[in-house]
Structure formats: structure tokens, C-alpha cells
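These notes concern the structure reproduced below.
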Amino acid sequence: MDIIVQLFGVSLFAAGIRLSIPIIAAAIGEVFAERAGILNIGIEGMMLTGAFGAVIASYLSGNPWIGVLGGIFLGGLLGLIHAFASIHLRISQIVSGIAINIFALGATTTLARLIFNEQRVQVAAFKPLAVPVCSDIPIIGPLFCQHAALVYLVILIVIITNLVLFRTTLGLSIRSVGENPKAAESAGINVMLIKYACTVFGGMMAGLAGSFLSLVQLNLFVDNMSAGKGWIALTAVVFGRWGPIGTALGSLLFGMVEAIGLRVQALGLPIPHELLLMLPYLATFFVFIGLVGRTRPPASLAKPYKRESL
Amino acid sequence: MNNWRDRTLKSMKFQGMLLPVLSLLLALAVSAIPIMLAGKNPLLAYYEMLLGSVGGQIRIGVSLTKATPLLFTGLSVALAFRSGLFSIGAEGQLYMGALGGTMAALYLPGLPKPLLITASILAGFVFGAIWGLIPGYLKARHNTNEIITTIMLNYIAFWFISFLVHGPLREPSAMFSYTYEVPDAAKLPILIKGTQLHAGFLLALALVFLTYVLIKHTSLGFQLRSVGSNPEASHYAGMNISRNILVTMALSGGLAGLAGVTEIIGVQYRLSDFFSPGFGYDGIAVALLGANTPGGVLFASLFFGMLRAGASVMQRRIGVPSYTALIIQGLAVFFVVIGFGIRMLRAEKQSKITVMEGPQ
Amino acid sequence: MAKQVQSMLEMKDIVKRFGSVIADDHVNFDLRKGEIHALLGENGAGKTTLMNILYGLYKPDEGNIFLNGDTININSPHDALSYGIGMVHQNFMLIDVFTAAENVALGSWKPGELSMDPKAVERAILQVAQKYKLEFDPAALIEDLPVGVQQRVEIVKALYRGARILILDEPTAVLTPQETEDLFRCMRELTADQVSIVFISHKLEEVKEISDRVTVLRNGREVGTFDTQSISEREMALKMIGRNLDTTPKPPRETQARNFEVENLVVWNGGDQNTRRISFEIEKGEILGVAGIDGNGQLELANAITGIHPAKQGKIIIDGRSINASQQTPFDFTRFGGAYIPQDRKNTGLVLDFNVAENLMLKQFTRSEMVKKGFLQHKVIWENAARLVKDYDVRPPNPELELGKFSGGNQQKVILARELHQEPVVIVACYPTRGLDVGATEFVCKQLIYQRSRGACILFFSNELEELINISDRIIVMHRGEITGSADPENVNVESLGLMMMGKKEGIA
Chain A
159 MDIIVQLFGV SLFAAGIRLS IPIIAAAIGE VFAERAGILN IGIEGMMLTG
209 AFGAVIASYL SGNPWIGVLG GIFLGGLLGL IHAFASIHLR ISQIVSGIAI
259 NIFALGATTT LARLIFNEQR VQVAAFKPLA VPVCSDIPII GPLFCQHAAL
309 VYLVILIVII TNLVLFRTTL GLSIRSVGEN PKAAESAGIN VMLIKYACTV
359 FGGMMAGLAG SFLSLVQLNL FVDNMSAGKG WIALTAVVFG RWGPIGTALG
409 SLLFGMVEAI GLRVQALGLP IPHELLLMLP YLATFFVFIG LVGRTRPPAS
459 LAKPYKRESL
Chain B
296 MNNWRDRTLK SMKFQGMLLP VLSLLLALAV SAIPIMLAGK NPLLAYYEML
346 LGSVGGQIRI GVSLTKATPL LFTGLSVALA FRSGLFSIGA EGQLYMGALG
396 GTMAALYLPG LPKPLLITAS ILAGFVFGAI WGLIPGYLKA RHNTNEIITT
446 IMLNYIAFWF ISFLVHGPLR EPSAMFSYTY EVPDAAKLPI LIKGTQLHAG
496 FLLALALVFL TYVLIKHTSL GFQLRSVGSN PEASHYAGMN ISRNILVTMA
546 LSGGLAGLAG VTEIIGVQYR LSDFFSPGFG YDGIAVALLG ANTPGGVLFA
596 SLFFGMLRAG ASVMQRRIGV PSYTALIIQG LAVFFVVIGF GIRMLRAEKQ
646 SKITVMEGPQ
Chain C
155 MAKQVQSMLE MKDIVKRFGS VIADDHVNFD LRKGEIHALL GENGAGKTTL
205 MNILYGLYKP DEGNIFLNGD TININSPHDA LSYGIGMVHQ NFMLIDVFTA
255 AENVALGSWK PGELSMDPKA VERAILQVAQ KYKLEFDPAA LIEDLPVGVQ
305 QRVEIVKALY RGARILILDE PTAVLTPQET EDLFRCMREL TADQVSIVFI
355 SHKLEEVKEI SDRVTVLRNG REVGTFDTQS ISEREMALKM IGRNLDTTPK
405 PPRETQARNF EVENLVVWNG GDQNTRRISF EIEKGEILGV AGIDGNGQLE
455 LANAITGIHP AKQGKIIIDG RSINASQQTP FDFTRFGGAY IPQDRKNTGL
505 VLDFNVAENL MLKQFTRSEM VKKGFLQHKV IWENAARLVK DYDVRPPNPE
555 LELGKFSGGN QQKVILAREL HQEPVVIVAC YPTRGLDVGA TEFVCKQLIY
605 QRSRGACILF FSNELEELIN ISDRIIVMHR GEITGSADPE NVNVESLGLM
655 MMGKKEGIA
């Protein structure tokens with residue numbers, strides 16, 4: 159009984175929220191990209207690059223917020239490359255994404271060694287922020303009001319993006335592009351611009367997610383530190399039926415699984431820690447299997463679009 | 296009517312081979328920049344790299360040894376991609392293959408060498424094939440997207456092996472977490488004395504040839520290509536799509552499994568969770584660079600093997616870090632993908648004639 | 155006669171090339187206020203291209219467009235709409251999962267307008283809809299609306315955006331004769347309100363009935379512009395194809411034994427409660443034409459017979475062999491002598507990445523002379539291809555060339571070669587002449603007639619009534635997954651045919 163309390167205490171949920179933020183951020187970006195018809199398998203690489211960029215920028219400037227900007231910038235840059243490859247060159251979006259992942263892994267590993275020379279350099283990072291008044295309330299306080307600033311930023315983004323996608327004309331335009339780009343084009347919507355913008359936004363959010371990993375969770379850059387979170391984000395998008403709120407909830411679910419695993423480890427329970435580390439991936443696997451066939455992606459997802467005129 | 300074969304060789308095929316080569320050269324050129332920034336002479340660096348990869352029997356042995364696992368995983372991924380399946384699962388499949396092979400080697404006592412090796416290799420193939428059949432079945436039956444399932448299975452396989460080598464299979468007195476060493480009877484024969492080059496390399500070469508024959512000259516290969524290109528038309532033509540998917544994932548998984556088992560009984564002799572520095576993911580790079588063809592995979596694997604062998608020498612002799620190899624690899628894949636895109640675009644512009652129902 | 159009426163819109167000397175093909179070759183076109191101007195020509199003549207230029211989807215290589223005397227530049231549909239030019243395409247540009255109102259309003263907002271007031275939009279839509287009697291439920295999802303109503307949404311969409319020039323691209327292709335009359339009525343109302351309409355078509359009677367003037371295009375060139383009243387259908391046909399419309403001669407036939415039967419097939423999955431059963435039979439050497447609007451179960455029927463998507467229940471009898479319909483497979487269909495010419499050449503019929511030789515042997519990938527013990531016999535495959543390419547006049551006659559590089563007509567020939575050369579017992583042909591020009595169309599019809607005289611049973615789906623009447627020995631009509639009636643092509647009553655296409659059942663003759 160004692161163990162249950164220790165396991166499922168408030169701090170577990172707070173940890174779950176914290177661990178889910180990078181997934182949420184990356185997934186929200188992917189929601190927009192996929193709603194515009196672009197599948198971005200390269201999220202993993204963009205997160206990794208974002209993490210790297212954030213560390214570099216923070217290292218050079220001493221300011222974690224500059225670090226975040228650095229991460230967002232690099233993520234957006236890769237997003238632009240993916241957009242160009244997918245939209246202009248009409249390369250298979252899956253191949254382009256995979257190539258970006260390969261490239262990002264190689265580049266970040268190499269550059270990190272090059273710049274940091276095998277040292278684990280600590281950089282300026284985010285400390286948890288206690289929101290006044292709110293953080294003193296029992297239970298609610300530690301659960302919601304004692305997170306790093308980035309957490310609040312991401313939650314704000316979730317709310318705003320949900321409004322934009324479903325309540326504004328911009329959202330209608332984006333969704334029309336993802337469903338039937340020809341129809342959108344015919345209605346006078348600038349399909350190319352929307353596809354580019356959403357893909358770059360996806361990259362930027364992945365970069366933001368990466369920044370979170372390296373500046374909030376860990377304070378440094380580790381080889382391949384995204385550890386598959388990008389893939390989990392892709393699943394969260396399907397889980398959330400391509401809507402920001404649902405996606406955020408799905409990401410939270412995965413974050414909680416990871417938190418439970420870590421907590422069980424910390425409590426010293428006799429479960430091998432490798433199996434606990436396996437949990438998030440196992441959970442994602444089964445959730446994904448259960449989802450497929452019950453959800454309907456945007457109709458033109460991953461299909462190359464050709465503007466009729468040349 | 297044999298001139299059509301000659302003509303085929305001269306046509307797109309040749310052009311297609313040119314592109315990866317060009318991408319490699321471009322990647323080498325671009326990678327010269329960071330080398331220069333580090334204050335070293337790129338030409339000298341590349342020369343040392345070349346020497347380090349093919350300068351002498353020992354170095355060639357190192358190159359080929361490093362290329363061997365990539366040959367297997369490259370073939371694995373190329374086969375899957377060619378059949379329209381974006382399987383990213385080579386890494387997990389090779390881990391499971393390594394597990395199967397190691398267990399066979401350790402726990403089948405008393406078998407004479409040839410039989411033990413065969414059993415081990417077979418076990419590796421089977422374990423890998425099973426790990427490939429899981430996402431294969433899900434795709435065939437429920438159309439579950441294979442990208443996500445294979446990736447998750449990679450992590451699951453890794454942590455499972457990790458659990459085993461830290462726990463039940465661990466050799467207690469060892470410094471690191473790994474299994475007992477496989478008996479001598481299970482170790483693959485070495486091809487060049489003084490190197491680590493093992494018979495697995497020959498097996499890989501044989502498989503390159505077999506894959507080529509499969510794709511070009513068999514009905515099964517024809518079906519795989521057809522389903523990979525257009526499942527709907529293939530279904531109408533009478534092909535069994537589900538069966539094709541299962542066969543592909545089994546073969547692909549098995550090939551990756553071979554990468555795992557040959558690495559253990561050929562080089563490392565113990566199963567650990569760090570035995571693969573990402574051979575499975577490298578296999579994807581190799582497949583992309585090799586345009587999903589067996590010949591291309593051979594070329595790309597040899598190149599990557601040479602790159603890595605040469606890079607460590609380059610680091611020792613000139614001080615240019617060996618991870619430069621990673622950048623070159625990444626760039627090469629990048630350029631190849633962009634290059635294929637541009638080529639397709641140009642081909643499309645030329646054949647605009649098919650968009651219009653023009654007069655005949 | 156002096157030109158009394160000034161043209162509101164003029165397209166002068168328009169040239170549009172795609173690679174080495176000239177789609178529009180110095181075409182002139184003008185439009186007067188309040189007129190219905192038909193653009194007539196066969197498939198590939200350049201009509202749709204010309205109008206796509208007007209609507210901003212293509213940019214002309216040469217030429218100018220004038221609106222009320224001023225040169226205008228149309229770089230996108232957005233520009234076209236701002237000039238009051240709207241277009242209803244052959245394939246509707248609608249988002250299935252949006253409501254009708256969302257579709258109409260799509261893109262109509264001004265920059266900076268963040269959100270729309272749904273009620274205001276609905277009111278504005280209803281205003282337009284009621285004015286021209288183009289009514290529909292704004293809150294309905296497009297995927298729930300029948301095709302005729304979807305077309306209304308498309309027209310209202312253009313009008314809502316302020317279009318005073320309306321381009322209709324082959325609008326009657328998806329309509330029954332009665333719905334076509336409704337459309338014509340609506341068009342007359344629009345022109346009474348001084349809206350100008352461009353009516354793209356290849357159907358002579360319709361052009362004759364509804365248009366004020368007609369411009370004929372042939373092979374990208376403008377043959378001329380005529381007052382519809384002063385030109386006959388025969389003359390229009392002559393100008394359209396350069397010679398008289400040739401109906402493929404069909405030799406007479408005697409009644410023979412039935413060789414293909416379908417019994418109580420249940421295929422319809424249009425969300426209905428009732429299962430609809432289909433039964434019919436075809437005699438040896440008979441062409442059974444199936445009339446009906448697209449989307450009334452034709453594809454499902456073809457899929458059921460060929461086994462691509464088996465029926466839920468029923469029986470299929472080919473050449474005396476009876477098969478449980480729910481267990482039909484494409485492999486067995488072929489094995490028992492079936493041939494299929496699919497509606498969707500590129501996705502169902504061919505592997506575009508494969509070359510001609512590979513496509514020709516696509517169905518023979520096991521146990522034939524092309525494959526021995528699992529190995530492909532390249533020499534045999536090549537010889538087979540070389541022969542078929544010659545027999546079926548595939549151009550260019552190069553078996554190594556990838557199918558993606560061939561024109562639609564030649565792609566169809568490859569399919570015909572593959573399906574027909576093995577003397578099939580039954581042929582299922584779905585809209586086999588769609589998208590083909592006259593030469594290719596003639597070739598297809600000749601092949602089918604030849605197979606008919608050989609004794610094959612042919613099931614021929616089409617929505618071109620004229621073609622059906624020409625080719626078929628008997629006609630049945632499909633509506634929502636069942637057969638609503640039949641007709642004799644020799645004494646066919648178009649009006650009753652139309653009624654059957656809309657669901658009114660007749661006694662099966």
C-alpha cells in the first residue's frame with residue numbers, strides 16, 4: 159500500500175507532465191505538417207538537431223532562452239529542407255525524412271565531438287519556475303505550477319494551435335490543403351505556401367522539443383539523445399486524431415508511462431530496469447496497433463502534389 | 296533478340312549508377328571544409344584515409360570486416376524498400392538474430408564445427424525473420440504502418456537483449472555485461488590471417504548474388520517489385536499481396552538477423568547490448584545510397600567499410616577525427632536522395648507528353 | 155453582318171505547350187455578356203487547357219487575355235476569381251469531409267479576416283442558391299450528397315465568389331438526362347441575369363440545344379466560331395474530327411447459348427439497409443451494355459465479378475463453371491477465362507514503373523511458358539511482347555519502355571493486348587474509351603467487336619449513351635446497386651432510359 163502511494167504520488171504526475179512536453183511539442187508541429195499533407199518522418203532528426211542547437215546557442219550566449227531560439231532555428235531549417243525536398247522535388251516524403259534522420263545523427267554526433275571534445279559540458283539551462291500563489295496550493299501546486307518556463311510555453315502553444323486549426327480561416331485553409339490540395343488551389347488558396355509554412359513550423363516545434371530535452375531535462379547534449387521520442391510523437395498524432403488537444407493527451411499518456419518506469423526504478427522495486435526502460439516503446443507499439451484502422455488521416459497525406467502549371 | 300540486354304545496360308541503369316558515385320564525390324568535397332577549418336589538409340587526410348582502407352592486406356581486411364554487417368543490413372533494407380515496405384527494423388532484427396545465433400552457439404553442445412556454425416547462422420536468420428514477421432503480419436492483415444511498428448520493435452529488442460545480458464545470460468565474472476564467449480567450434484573461420492575478416496563476408500557476397508538473381512530472374516522477385524510499385528494492379532493480376540508482404544518481411548528480417556549473428560560468431564564472440572553501433576540504421580543509408588539494388592548495396596557497403604577503416608587511421612596519422620566519416624556518410628545519403636529527386640523531376644518534365652492526350 | 159455585340163472577354167492567340175506537345179495553338183476565343191458559348195472538341199483537343207488558362211491554373215506561353223478591353227494577367231485562381239471568373243471542373247474540387255457551406259466559403263475570406271461567422275455565410279449562400287434554384291443543405295457533408303447536388307454546390311461556390319463568367323467543364327458527364335435538363339434551366343436563368351457561361355462539351359446534341367455560339371477546337375487548333383443555330387450537328391461533327399463520325403459496323407448476330415451468368419450478386423455498399431441483388435446473363439458473342447451514372451454500383455459489380463473485391467453473396471457462372479461469388483479471386487477469374495479492362499488504367503490495370511513487356515506478362519507470373527520453376531524466361535517474355543506490340547499497334551513499339559511514358563491511348567492498347575490476346579471467355583470493360591481520342595476509341599471498339607464475333611461474352615460499362623447504343627446488343631440500367639430496367643438499342647427511348655438511370659424501375663424485358 160505504501161508503495162502505491164509512493165509510486166503514484168503527485169510528483170509522479172508532475173514528472174509525467176515534464177517528460178511528455180518534448181513529445182507534445184514535436185507532435186503539435188507534426189499535426190500541422192500532416193494536416194497540410196506532409197508526413198515528416200524526420201522529426202527524430204529535427205529534435206536531435208534542435209537539442210544540439212540549443213546546447214550550442216546556450217553555451218555561446220550563456221542564456222537558455224537564446225538556446226531555445228537556436229534549437230528552434232535549426233529545427234526549422236531542417237524543416238525547410240524537408241519541405242523543399244518533398245514539395246518542390248517531390249521526393250518520397252518517407253525517404254526524405256529518413257535521410258534527414260541519418261544526416262542529423264551523423265552531423266550532431268560529429269559536431270558535438272568537434273566542439274566539446276568529449277567533455278560533458280554543462281550549459282545554462284532552465285530551472286523550475288514557481289508560479290506565485292498557484293504553487294502554494296497543495297496538490298495543484300506541485301502538479302501544475304512548479305515547472306520550467308518552457309512547459310507553460312508549450313501548454314500555451316497547444317491551446318493556441320487548437321483554436322487556430324479549428325476556429326480560424328487559416329485552419330480551414332490548412333485542413334483543405336491536407337484533404338484535397340487541388341480543391342484548395344482552385345479556391346484560390348496558396349497551397350505551396352501553406353505546405354511550406356506548416357512543414358517549417360513542424361520543424362521548429364521539433365527543434366523546440368529538442369531544446370527542452372537538452373536544456374530542461376538534462377542540461378547537456380548526449381549522442382542520439384532524442385531516443386525515439388520523435389517516433390512516439392508520430393504515434394501521438396494518430397492517437398489524437400490530428401487534433402492538438404487529443405495529441406497532447408496522447409503524449410501525456412506516453413510521458414506518464416516513462417515516468418512510471420523511472421519511478422519504479424528509483425524506488426528500487428525488483429523489476430529489471432531495462433524492462434522498465436522498454437515500457438514507453440512497448441506502450442507505443444500496442445497503442446499504435448490498436449489505433450490503426452480506426453482513424454482517418456488527412457486524405458492527401460504523404461501524396462506528392464503537383465501544381466498543374468509549370 | 297539479345298540486343299535488348301545490351302541496350303538495357305547502357306540505358307537508365309548506367310545513369311542510375313552514376314548518381315551515387317557523384318554524391319559520394321560531392322560529399323567528400325563538402326566534408327573537406329570542416330577538415331580545413333580544423334587546420335588540416337583535406338587531400339592529405341583523404342590520402343591517409345585511402346591508405347588506411349586499402350593500403351595492404353591488413354587494412355583491406357579491416358575494410359571488408361566493417362563492410363560485412365552493412366552488406367547484410369543493406370540487402371535487408373533494400374529488399375524491403377524495393378517491395379514497397381518502409382521497414383526501419385533492421386536494427387532490432389539484427390539484435391534478435393544475434394540473440395538466436397549466440398544461444399545456438401552456447402547451448403548446442405557437442406556439435407562438430409560445420410554443423411554448429413550452420414545451426415547458429417540458421418538460428419540467427421530465423422530469429423531475425425520472426426522479428427520481421429511481427430510487423431509484417433500486422434501490415435498484411437491490418438495494414439498497420441510498418442514504419443512505426445518496426446521502430447518500436449527496435450527499441451523493444453534492444454532493451455530485451457540488454458535485460459538478458461545484464462541478467463539471465465550474463466557471464467558473472469566478466470567486467471562488462473555480456474554473455475559467455477561462444478565456443479571455438481562456433482567461431483567463423485578467418486579469411487586473412489592477422490585480421491578479423493571472417494567467412495561471414497563470403498556469405499554476404501553470396502547473398503548479394505542470390506538477391507540479384509531473386510529480383511531479376513525469379514517470379515517471386517517479379518511479384519515483389521510489382522507489389523512494391525503498384526499493389527492494386529498486382530492484386531488484379533492475381534498476386535497475393537499478403538503473402539508477398541510476409542515473405543518480404545521474413546527475408547528482410549532474416550538478412551538483418553544474419554548481420555547480427557555473423558558479427559557475434561565472426562568478430563565479437565560475445566553478445567552484449569552495445570555490439571551494434573547502429574548497423575541496422577547504417578543499412579538504411581547503404582540501401583538509399585545503393586538505390587535499393589544488390590549491386591548498389593555492395594558498392595555502398597564497401598565504400599562505408601573503407602570509410603570507417605580509413606578514418607581511424609586518418610585520425611591516428613593526421614589528427615583529423617574519425618567521426619568525419621559520419622559526416623561524409625550523412626552527406627552522401629543526403630545528396631543521393633536530392634539527386635534522385637532532381638532526376639525524377641527532369642524526367643517528368645520531358646515526359647509531359649503523357650499528361651496530355653495528344654494526337655497519335 | 156456587322157458585329158453588333160461587343161465581346162466582354164477575349165482570349166487572343168493563346169499558345170500552350172507541354173514539353174513537345176502543343177495543347178493550344180494560337181487559339182482565339184471570345185465571350186459575350188449573357189451568352190452561353192460552347193467549346194466543342196474531342197478529348198485532347200485543348201478545350202480544358204484553354205479554360206484552365208482562363209482560370210489561372212496554367213500560364214499561357216503566348217497570347218493575351220482582355221476583359222472589357224483591358225489586358226489582364228491571371229496567375230492563379232485567386233486572380234481569376236477577383237476578375238469574376240469562376241470554374242466548375244469535371245472532377246469536382248470539393249472537400250468531402252467539409253460541409254457544403256465550408257466548401258463554398260473556402261478561400262473567400264479577405265486577408266486578415268481571422269474567422270468567419272457561419273450564420274452569415276449560410277445566409278449569403280441561401281440567397282444565391284434560391285435566386286438560381288440551386289438548393290442544398292449547407293450543413294450537409296459533401297460525401298453525403300449525391301453527385302448532382304455536389305455540382306450545385308460547385309456552381310454556387312463560383313457565384314458566391316462573385317463570378318459573372320462561369321466555366322462549366324463537361325458538366326453533364328455525371329448527370330442523368332433529367333438532371334441535365336435541370337442544369338440547362340439553371341443556365342438559362344443565369345444568362346437571363348447577364349452571367350456569361352462557357353460550356354465545354356463533346357456532346358453534339360447538348361451543344362445544339364443549349365448554346366448560343368460554339369467554338370470548335372481540333373488538335374489544339376481553332377477550327378472556327380459559329381452561331382449554333384446556323385450549324386447542324388453533322389457539320390459540327392465534321393469540324394470536330396475532320397471527317398464524318400464513323401460508327402463501327404457491328405455484324406448481326408443470332409441468339410446463342412448463354413456463357414456468362416451472374417446470380418443474386420450482392421455488392422452494393424452505399425450505406426443502404428436493403429441488400430440489392432443483381433442477376434443477369436450474357437450469351438456467347440453478345441455485348442451487354444450497362445448504362446448508369448458513375449457511382450451506382452458499377453465499380454462494385456466489376457470488382458465482384460473479377461474478384462478484386464468479392465461480393466457478399468451470390469453466384470458467378472463462367473463457361474459452365476459455377477463459383478461462389480464471395481470466394482472469387484482475381485487469379486481464378488483469369489484462370490477461368492476472364493479479362494478485365496479497368497476504369498482506372500493507371501492504378502488497377504498497369505504498373506507504370508514496369509516496361510511494356512513486364513506489364514504484358516503481369517498476369518502470367520506463375521506457371522506459364524514465361525516462368526519455369528520459378529525463374530523468369532526473359533527470351534519468351536520479350537518475344538511475346540514484341541509480337542503483341544505489333545498486333546495491337548502500340549506506339550512507340552518499344553517493349554522496353556516504361557508504361558508511364560506512353561499516352562493514355564497506348565496504355566489502353568497494352569491493357570487490351572494483355573487481356574484479349576488469350577481468347578477470353580468473358581470480358582468486363584469499364585468505360586474503356588474514357589479519356590481517349592477518336593483514333594484510340596475506334597481501336598478499342600473494333601477490338602471489342604472482334605472479340606464479340608469470336609464468341610466472347612462482353613460486359614460493357616459506359617455513361618455515354620450514344621456509344622452504348624452503337625456497341626451493345628442489349629442494354630441494362632443500374633441504379634444504386636441494382637438493375638432498374640433494360641432496353642433494346644435498336645429501339646431505345648432515351649427518356650425512359652434516363653428515368654431508369656434515376657431509379658424508376660421498369661419491367662425487365
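In order, the protein sequence lines correspond to chains A, B and C.
Its first residue numbered 159, the first sequence is counted upward by one per residue in the numbering used here.
Its first residue numbered 296, the second sequence is counted upward by one per residue in the numbering used here.
Its first residue numbered 155, the third sequence is counted upward by one per residue in the numbering used here.
For glycine and all other residues, C-beta sits at the position ideal for the given N, C-alpha and C.
- Looking at the DSSP output, I581 of chain C bridges to C:A493 and C:I612.
- Distance from the CA of L373 of chain A to the CA of V510 of chain C, rounded to the nearest whole angstrom, comes to 57 Å.
- In terms of Cβ geometry, I351 of chain C and I190 of chain C form a close pair [threshold 8 Å].
- The continuous beta strand (DSSP E) containing K170 of chain C extends over residues S161 to F172.
- In this structure, DSSP gives K264 of chain C a state outside helix and strand, which the three-state scheme calls coil.
- With respect to chain B, the C-beta atom of G474 of chain C has no partner C-beta closer than 8 Å.
- Secondary structure in the stretch 349–378 of chain C: the beta strand (DSSP E) runs of 3 residues or longer, each lying completely within the stretch, are 350–355 and 367–372 in chain order.
- Residue state for V444 of chain C is assigned as strand, using DSSP reduced to three classes.
- Taking 8 Å as the cut-off, the beta carbon of A184 of chain A is found closer than this to the beta carbon of A364 of chain A.
- Closer than 8 Å to the CB of I201 of chain A there is not a single CB belonging to chain B.
- Residue ranges of uninterrupted alpha helix (DSSP H) with 4 or more members, entirely inside the stretch 333–394 of chain B and ordered along the chain, are 337–349 and 352–377.
- Taking C-alpha positions only, E440 of chain C is separated from D627 of chain C by approximately 6 Å.
- Linking L370 of chain B to P526 of chain B through their CA atoms gives a straight-line distance of about 22 Å.
- For P325 of chain C, no CB of chain A lies under 8 Å from its own CB, so it is not counted at the interface with that chain.
- In this structure, C:G461 is the residue among C:N418, C:T520, C:G461 and C:Q481 with its C-alpha nearest to the C-alpha of A493 of chain C.
- Secondary structure note for S547 of chain B: its alpha helix (DSSP H) is the uninterrupted segment I536 to E558.
- Distance from the CA atom of L269 of chain A to the CA atom of G614 of chain B, rounded to whole angstroms, is 16 Å.
- DSSP places S433 of chain C in the strand class (E or B) of the three-state scheme.
- Chain order gives the chain C residues near F517 of chain B as F519 and L530, where near means a beta carbon separation below 7 Å.
- Counting only Cβ-Cβ distances below 7 Å, R325 of chain A has contacts in chain C at S269, in chain order.
- Per the DSSP secondary-structure output, D486 of chain C pairs with nothing in a beta bridge.
- As the crow flies, the alpha-carbon of L500 of chain B is around 14 Å from that of L486 of chain B.
- At a cut-off of 8 Å between C-beta atoms, T460 of chain C counts as an interface residue with respect to chain B.
- In this structure R367 of chain C touches F380 of chain C by the C-beta definition: roughly 7 Å separates them, less than 8 Å.
- Listed by position along chain B, the residues whose Cβ is nearer than 8 Å to that of V568 of chain C form an empty set, because the closest Cβ is around 12 Å away.
- Contact between V361 of chain C and A199 of chain C does not hold, since the beta-carbon distance rounds to 13 Å and is not under 8 Å.
- In the three-state DSSP reduction, Q518 of chain B falls in the helix class (H, G or I).
- At a cut-off of 8 Å between beta carbons, T513 of chain B contacts chain C.
- Contact between G589 of chain C and G562 of chain C holds, since their C-beta atoms are separated by about 5 Å, short of 8 Å.
- Listed as beta-bridge partners of N509 of chain C by DSSP are C:E556.
- S617 of chain B sits close to A606 of chain B, with the two beta carbons spaced by under 8 Å.
- Taking K187 of chain C as the centre and dropping the five residues before and after it, the same chain places the C-beta of M162, Q348 and S350 closer than 7 Å to its C-beta, in chain order.
- When rounded, the separation of the alpha-carbon atoms in F397 of chain A and L411 of chain A is 10 Å.
- In the DSSP assignment, R628 of chain C is bridged to C:L442.
- Shortest Cα-Cα distance from V579 of chain C to any of C:C611, C:L442 and C:G316 involves C:C611.
- In the DSSP assignment, T638 of chain C falls within the unbroken beta strand (DSSP E) covering E636 to A641.
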